[in-house]
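Only one structure is covered here, and it is reproduced in the block below.
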Amino acid sequence: MKRRLFPLFLLALAAILGGCSEHPSAELPALDAKREATSVSGISSGAYMAGQFEMAHAKDVVGAGIIAGGPYGCSESLFADIIPGPGSALLNLTKAINGCMQSGLQAFGVPNPKHLAERAERLAEHDRIDPIADVKTDRIYLFSGTNDTTVVPAIVEAARKFYEDVGVPNSQVLFVSNIPAAHAFVTDVRGPECDHAGKPYIVDCDYDQAGALLGQIYGTLNKPAAKTTGHFQVFDQDAFTEGLSNHGLSDDGVVYVPEACRTNGGCRVHIAFHGCGQNRTFVGDAFARDSGYARWADTNNIVVLFPQTAATPLNPQGCWDWWGYTGPEYLTRDAPQIIAVYRMLERLASPRTSS
1 MKRRLFPLFL LALAAILGGC SEHPSAELPA LDAKREATSV SGISSGAYMA GQFEMAHAKD
61 VVGAGIIAGG PYGCSESLFA DIIPGPGSAL LNLTKAINGC MQSGLQAFGV PNPKHLAERA
121 ERLAEHDRID PIADVKTDRI YLFSGTNDTT VVPAIVEAAR KFYEDVGVPN SQVLFVSNIP
181 AAHAFVTDVR GPECDHAGKP YIVDCDYDQA GALLGQIYGT LNKPAAKTTG HFQVFDQDAF
241 TEGLSNHGLS DDGVVYVPEA CRTNGGCRVH IAFHGCGQNR TFVGDAFARD SGYARWADTN
301 NIVVLFPQTA ATPLNPQGCW DWWGYTGPEY LTRDAPQIIA VYRMLERLAS PRTSS
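Note that the working numbering has the sequence shown beginning at 1, numbered continuously upward.
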């Protein structure tokens, strides 16, 4: 029975949540980037993955943008440690839908940030994620659209409280919750109207979210480029999944490299995680090209990495793993997706080779 129900729950999650399809054309370049100044962001399932990556590699991550997402470990069932395998993932998925998106069942309610902070502390004590002390210095951007009925504002507020409970000062946290956006990434120039709910999950609300979150994380930035002059590059993700099973990643990803970062080392890296139904299979290059990251990257020497999931029968909308479909280590440094993306970061930070 559980085997039959598991795919149905996955389909239910994909229905609630809301990319260049050619084969990979190049290797991810070694750019001598500044790994210890890395930042992350994401929307929806990508927001959860951004938080998970931040906690796993807090020594390298200086800030995170959580857009329409909840607190770290939100979907972790109380019984996850005693019910192994698919049973645990099924329980987590049930909680994810009802307690980390809609807050729809009284039995689940809004997640308990203090409990999740204590869970993170235990994982850090066992060296499964980086020390919590490294998270306390991060700068955080949180966003909840007033018309988002997919991940309700109370869930994003729980993420704010989680950061408070792990010791991030309120002065380092910006929570934007007054923009009439649906469940989407927000721009000031691209996408349908602000309250549009659906693909490509990018909407025009006259608000530059990419600039706002990068500014919150890194401080005052140079003005964005009027027109991008860098390079979007499709790269082979398979090179970073060697030895990993059930990783759920596509065979290609996208990276944006400003012209200055092609020749000079020391650029920062921002990792942007797409949402469900928002990878290249579903929306092509929309998230990479229309989100607005590239214009800011050009003038501020930031390489932007857009890793990509794959749509599968058990994950038909290509969501990032925030409930355990890749295995029980999904919250830790040993999560297949976190391992692969960190390998990508290591490649970008490697000394450049002569061309």
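Even glycine gets a Cβ: it sits at the ideal position worked out from N, Cα and C. Predicted model, so just to flag it, every value in this text is computed and none were measured.
| Looking only at DSSP bridge pairs, what is Ala272 linked to? | Paired residue(s): Ser41.
| message | Can you tell me whether Ala340 is helix, strand or coil according to DSSP? | response | Three-state result, Ala340: helix.
| said: Suppose the cutoff is 7 Å on Cβ atoms and the five residues either side in sequence are ignored; what does the same chain contact list for Asp165 look like? | reply: These residues qualify, in order along the chain: Pro113, Lys114 and Ala117.
| task | Examine the Cβ distances between the region 182-189 and the region 249-260 and report whether three or more of them are shorter than 8 Å. | result | Segments in contact, no.
| task | May I have the straight-line CA-CA distance separating Asp252 from Tyr163, to the nearest angstrom? | result | Note on geometry: alpha-carbon atoms of Asp252 and Tyr163 lie some 33 Å from one another.
| query | Assuming Asn147 contacts Pro169 under a Cβ cut-off of 8 Å, what Cβ separation, rounded to an integer in Å, is found between them? | reply | Going by Cβ atoms, the distance from Asn147 to Pro169 rounds to 30 Å, so no, they are not a contact pair.
| Out of curiosity, what's the CA-to-CA distance linking Ala349 and Ala226? | Each residue's CA atom was taken as its position, placing Ala349 and Ala226 some 28 Å apart.
| task | Output the residue ranges of the alpha helix (DSSP H) runs that lie fully inside the region 245-325 and measure 4 residues or longer, sorted by chain position. | result | Listed in chain order, they are 259-263, 280-283, 286-290 and 293-300.
| message | Using CA atoms only, rank isn't needed, just tell me which of Ile217, Ile302, Gly215 and Ile339 is closest to Thr228. | response | Taking only the C-alpha atoms, the option nearest Thr228 is Ile302.
| Neighbour-count burial assignment, Pro200, 16 or more Cβ in a 10 Å radius | So Pro200 counts as buried.
| request: Could you tell me the distance, in whole angstroms, from the CA atom of Ala288 to the CA atom of Trp320? | output: Here the alpha carbons of Trp320 and Ala288 stand approximately 16 Å from one another.
| Which partner residues does Val203 have in the DSSP bridge list? | Under the DSSP definition of a beta bridge, Val203 partners with Val186.
| Which residue comes first and which comes last in the beta strand (DSSP E) that contains Gly65? | From DSSP, the beta strand (DSSP E) with Gly65 extends over Val61 to Ile67.
| field | Rounded separation between Val360 and Gln209 - CA only | value | Here the chain comprises residues numbered 1 to 355, so residue 360 is not present and cannot be evaluated.
| Which residues in the same chain as Arg352 place their Cβ atom closer than 8 Å to its Cβ, once the five residues preceding and following it in sequence are excluded? | Here the set comprises Pro29, Ala30, Leu31, Asp32 and Gly265.
| Straight-line Cα distance separating Val173 from Gln216 | A straight-line Cα-Cα distance of about 8 Å links Gln216 and Val173.
| query | Going by beta carbon distance, what residues of the same chain come within less than 7 Å of Ala182, once the five residues before and after it are set aside? | reply | Excluding five sequence positions before and after Ala182, the CB atoms of its chain that fall closer than 7 Å to its own CB belong to Gly145, Asn147, Asp148, Asp195, His196, Ala197 and Val203, given in chain order.
| Measuring CB to CB, does Gly248 end up less than 8 Å from Thr326? | Yes, they are a contact pair.
| said: What residue range does the beta strand (DSSP E) around Gln233 cover? | reply: For Gln233, the uninterrupted beta strand (DSSP E) segment begins and ends at His231 to Asp236.
| According to DSSP, residues forming a beta bridge with Tyr141 | Answer is Gly65 and Leu174.
| task | Please list, in chain order, all residues of the same chain as Ala47 whose beta carbon is under 7 Å from its beta carbon, the five residues on each side excluded. | result | Here the set comprises Ile66, Ile67, Ala68 and Gly69.
| task | Could you tell me the boundaries of the alpha helix (DSSP H) in which Phe162 lies? | result | That run of the alpha helix (DSSP H) goes Pro153 to Asp165.
| request: Could you give the DSSP three-state label for Glu76: helix, strand or coil? | output: In this structure, DSSP gives Glu76 a state outside helix and strand, which the three-state scheme calls coil.
| field | Pro113, enclosing alpha helix (DSSP H) - first and last residue | value | From DSSP, the alpha helix (DSSP H) with Pro113 extends over Pro113 to Glu125.
| Which same chain residues, not among the five before or five after Asn178, have their C-beta less than 8 Å away from its C-beta? | Thr146.
| message | With the cut-off set at 8 Å, would you say Pro224 and Ala158 are in Cβ contact? | response | No. Outside cutoff.
| query | Relative to the alpha-carbon of Ala286, which residue among His274, Ala297, Arg295 and Asn246 has its alpha-carbon at the smallest distance? | reply | Closest by alpha carbon: His274.
| Under a three-way DSSP split, which group does Glu329 fall into? | Note: Glu329 maps to coil in three-state DSSP.
| field | Beta-carbon separation (whole angstroms), Leu221 vs Asn300, contact threshold 8 Å | value | For a cut-off of 8 Å, the C-beta gap from Leu221 to Asn300 is around 5 Å, short enough to register as a contact.
| Secondary structure at Ala181, three-state DSSP: helix, strand or coil? | Coil at Ala181, not helix or strand.
| said: Counting C-beta neighbours from all protein chains within 10 Å, is the total for Ser438 16 or more, i.e. buried, or is it exposed? | reply: An answer regarding residue 438 cannot be provided, because it is not within the stretch 1 to 355 covered by the chain.
| message | Between which residues of its own chain and Ser45 is the CB-CB distance below 7 Å, once the five residues before and five after are set aside? | response | Hits under 7 Å: Leu17, Gly275, Cys276, Cys319, Trp320 and Trp322.
| message | To the nearest angstrom, how far is the alpha carbon of Glu193 from that of Cys205? | response | C-alpha separation (whole angstroms): 7 Å.
| task | Assuming Ile271 and Leu305 form a contact by the criterion Cβ under 8 Å, report the distance between their Cβ atoms to the nearest whole angstrom. | result | Right, the Cβ-Cβ distance comes to about 5 Å (below 8 Å), so this counts as a contact.
| query | Does any C-beta atom of chain D lie closer than 8 Å to the C-beta of Gly191? | reply | In summary, chain D is missing from the structure at hand, where a single protein chain is found.
| field | Strand pairing of Ala26, partner residues [DSSP] | value | Phe235.
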